[in-house]
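Take a look at the structure set out below.
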Amino acid sequence: MFDASALATALSGLVGFRPDPAQKVTLPPALLESRSGLYVQDASELLPLEVLQHFAPRQETLPDWLTRLQSDALKRLVPALVNAQQLSGKVLLPDTRVVKNDGNRANTVNKQGRFVGIQFRLPTRRGIAHTIPALTLHFDGALTEPLKLYVYSESQPEPLAEWEVPVGNKAGFVYAFTPPALSLPVGKVWLGYYEADLPLGVRAIEAPVASCGCTDDPYLRVAEYFGAAPRGFYVPAPSLSADRELFDTAAATSDLSSFGLNLYFTSYCDLATALQSKDNQSRLAPLVQQALAVRLLEAVISSPNVTQLTSRPDVQADALYAQQRMQADLYGGKVTGTDIEVKAENSALKKLVLDLTGLDPECGPPKSSLLSMGRLVRW
Numbered sequence: 605m606f607d608a609s610a611l612a613t614a615l616s617g618l619v620g621f622r623p624d625p626a627q628k629v630t631l632p633p634a635l636l637e638s639r640s641g642l643y644v645q646d647a648s649e650l651l652p653l654e655v656l657q658h659f660a661p662r663q664e665t666l667p668d669w670l671t672r673l674q675s676d677a678l679k680r681l682v683p684a685l686v687n688a689q690q691l692s693g694k695v696l697l698p699d700t701r702v703v704k705n706d707g708n709r710a711n712t713v714n715k716q717g718r719f720v721g722i723q724f725r726l727p728t729r730r731g732i733a734h735t736i737p738a739l740t741l742h743f744d745g746a747l748t749e750p751l752k753l754y755v756y757s758e759s760q761p762e763p764l765a766e767w768e769v770p771v772g773n774k775a776g777f778v779y780a781f782t783p784p785a786l787s788l789p790v791g792k793v794w795l796g797y798y799e800a801d802l803p804l805g806v807r808a809i810e811a812p813v814a815s816c817g818c819t820d821d822p823y824l825r826v827a828e829y830f831g832a833a834p835r836g837f838y839v840p841a842p843s844l845s846a847d848r849e850l851f852d853t854a855a856a857t858s859d860l861s862s863f864g865l866n867l868y869f870t871s872y873c874d875l876a877t878a879l880q881s882k883d884n885q886s887r888l889a890p891l892v893q894q895a896l897a898v899r900l901l902e903a904v905i906s907s908p909n910v911t912q913l914t915s916r917p918d919v920q921a922d923a924l925y926a927q928q929r930m931q932a933d934l935y936g937g938k939v940t941g942t943d944i945e946v947k948a949e950n951s952a953l954k955k956l957v958l959d960l961t962g963l964d965p966e967c968g969p970p971k972s973s974l975l976s977m978g979r980l981v982r983w
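Spelled out as structure tokens, the structure:
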């Protein structure tokens with residue numbers, strides 16, 4: 605599992621467009637940003653802004669067109685990079701629930717104006733992300749208005765997230781909710797709701813946040829993976845913040861009750877972590893430059909607007925050769941009509957040496973590949 609969009613975002617702005625020295629063509633700062641100091645136009649003489657502006661489709665502005673092509677190029681580059689470097693985007697902890705069994709409808713929690721829910725501690729493992737793909741709620745009455753769930757971290761006073769659970773549950777039945785995507789930080793995290801927000805007469809149906817003693821106990825799996833067992837908790841009303849910022853964490857008291865909540869955890873290799881280091885960004889920049897140039901040259905080749913460039917009637921033929929050569933160098937392949945062929949193992953993506961120092965071993969390349977990469981470093 606890897607998020608191509610997230611990885612592409614990690615590379616966005618690494619290479620930009622050099623400003624037009626004549627200032628006849630202007631672009632927004634997002635397209636001009638170049639953290640590496642490399643620019644797309646330096647990859648080919650066919651790509652100055654004053655030429656590219658002629659190829660933008662009539663229904664798109666030049667900035668919108670360039671932004672789209674930039675996104676296309678990065679989303680094409682990322683999977684090829686992951687494959688060539690044998691990076692693992694695998695899921696390490698698939699959707700695993702904390703509470704094995706639903707609560708008994710006869711066991712309800714009396715409201716006391718507290719903040720209640722489930723607390724957990726996430727370990728520091730570089731390159732691994734943790735999310736909550738789903739959760740459930742169990743109440744003895746129906747929600748007559750949306751209920752807010754809050755996610756707090758010890759790292760900041762403001763809530764990490766506020767999720768609004770829509771009306772739709774049925775009294776006494778487990779209600780499933782899919783929260784918006786949220787990457788959880790390391791350290792202590794609390795997820796819950798304010799009892800004061802529950803409708804009058806509605807109470808949580810509790811289930812123990814503890815081992816069920818059953819085969820393949822999900823609770824034990826989560827506890828072992830995170831290195832600390834999740835716990836139900838409550839914070840008494842006097843220790844809560846009036847503006848609903850982080851409460852007095854010393855007042856958070858462990859409890860066996862789930863307070864009607866059940867969480868599902870997923871942990872996976874987050875490759876964007878490795879790509880965002882300063883050293884790796886520097887190594888990736890020339891490849892990103894090539895990938896952007898390849899995509900722009902493709903657009904030039906297929907454009908119907910070439911007649912506007914009467915001073916350069918052979919621009920598309922030149923663009924075709926340049927595009928095929930760059931693509932072969934970057935990804936591997938043969939340049940049509942020539943004897944030039946770059947084998948995949950000799951492509952720039954394959955020869956790239958990333959610094960994976962400190963990345964969790966679960967997410968790095970196989971050990972055999974590390975030896976090979978070591979030889980490349982010495983060469």
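Numbering (the numbering used here), first residue to last: 605 to 983.
Backbone N, C-alpha and C fix where the C-beta goes; we use that ideal spot for every residue, glycine too.
Remember, predicted model here, so these are calculated numbers, not experimental data.
Query: Give the straight-line distance between the Cα atoms of Glu-637 and Gly-620, rounded to the nearest whole angstrom.; Result: 5 Å
Query: Using only alpha-carbon positions, find the residue among Leu-953, Ser-845 and Ala-856 that is nearest to Asn-884.; Result: Leu-953
Query: Pull up the distance between the alpha-carbon of Glu-758 and that of Val-793, whole angstroms please.; Result: 7 Å
Query: Classify Glu-849 as helix, strand or coil using the three-state DSSP reduction.; Result: coil
Query: Hey, out of Thr-857, Tyr-823, Arg-848 and Tyr-779, whose CA is closest to Tyr-838's CA?; Result: Thr-857
Query: Ignoring anything shorter than 4 residues, give me the alpha helix (DSSP H) runs that lie fully in the region 824-879, in order along the chain.; Result: 876-879
Query: What is the DSSP secondary structure of Leu-963, reduced to helix, strand or coil?; Result: coil
Query: Determine the contact status of Gln-642 and Pro-667, defining contact as a CB-CB distance below 7 Å.; Result: It is worth fixing the name first, because residue 642 is Leu in this sequence and not Gln. No. Outside cutoff.
Query: What residue range is occupied by the uninterrupted beta strand (DSSP E) comprising Tyr-779?; Result: 778-781
Query: Rounding to the nearest angstrom, what Cα-Cα distance links Thr-712 and Asp-744 in this structure?; Result: 7 Å
Query: Using CA coordinates, which residue listed in Leu-963, Asp-959 and Glu-949 is at the minimum distance from Ala-684?; Result: Glu-949
Query: Just the Cα atoms here: how many angstroms apart are Ala-646 and Ala-897?; Result: Note on residue identity: the sequence assigns Asp, not Ala, to residue 646. Asp-646 and Ala-897: Cα-Cα distance of roughly 9 Å.
Query: Would you check if the region 901-910 and the region 654-661 touch, i.e. whether three or more CB-CB distances between them fall below 8 Å?; Result: yes
Query: Alpha carbons only, please: which of Leu-860, Gln-893, Leu-824 and Ala-932 is nearest the one belonging to Thr-700?; Result: Leu-824
Query: Ignore the nearest five residues each way along the sequence and tell me which others in Val-686's own chain have a CB closer than 8 Å to its CB.; Result: Phe-606, Leu-611, Gly-693 and Leu-875
Query: Can you check whether the CB of Tyr-935 is closer than 7 Å to the CB of Ser-951?; Result: yes
Query: Does DSSP put Val-904 in a helix, in a strand, or in coil?; Result: helix
Query: Out of Asn-705, Gln-928 and Leu-741, state which residue places its alpha-carbon closest to the alpha-carbon of Glu-768.; Result: Leu-741
Query: Within 10 angstroms of its Cβ, does Thr-665 collect 16 or more other Cβ (buried), or is it exposed?; Result: exposed
Query: Could you spell out the range, first to last residue, of the beta strand (DSSP E) harbouring Asp-801?; Result: Neither: Asp-801 is in no beta strand (DSSP E) and is coded neither H nor E.
Query: Please report the distance separating the alpha-carbon of Glu-849 from that of Pro-784.; Result: 20 Å
Query: Quick one: Cα of Ala-710 to Cα of Asp-852, how far?; Result: 32 Å
Query: For Arg-723, which residues does DSSP report across the bridge?; Result: For clarity, residue 723 is Gln in the given sequence; the question names Arg instead. Bridge partners of Gln-723: Trp-794 and Arg-835.
Query: Using the DSSP secondary-structure output, state which residues sit across from Pro-812 in a beta bridge.; Result: Ser-861
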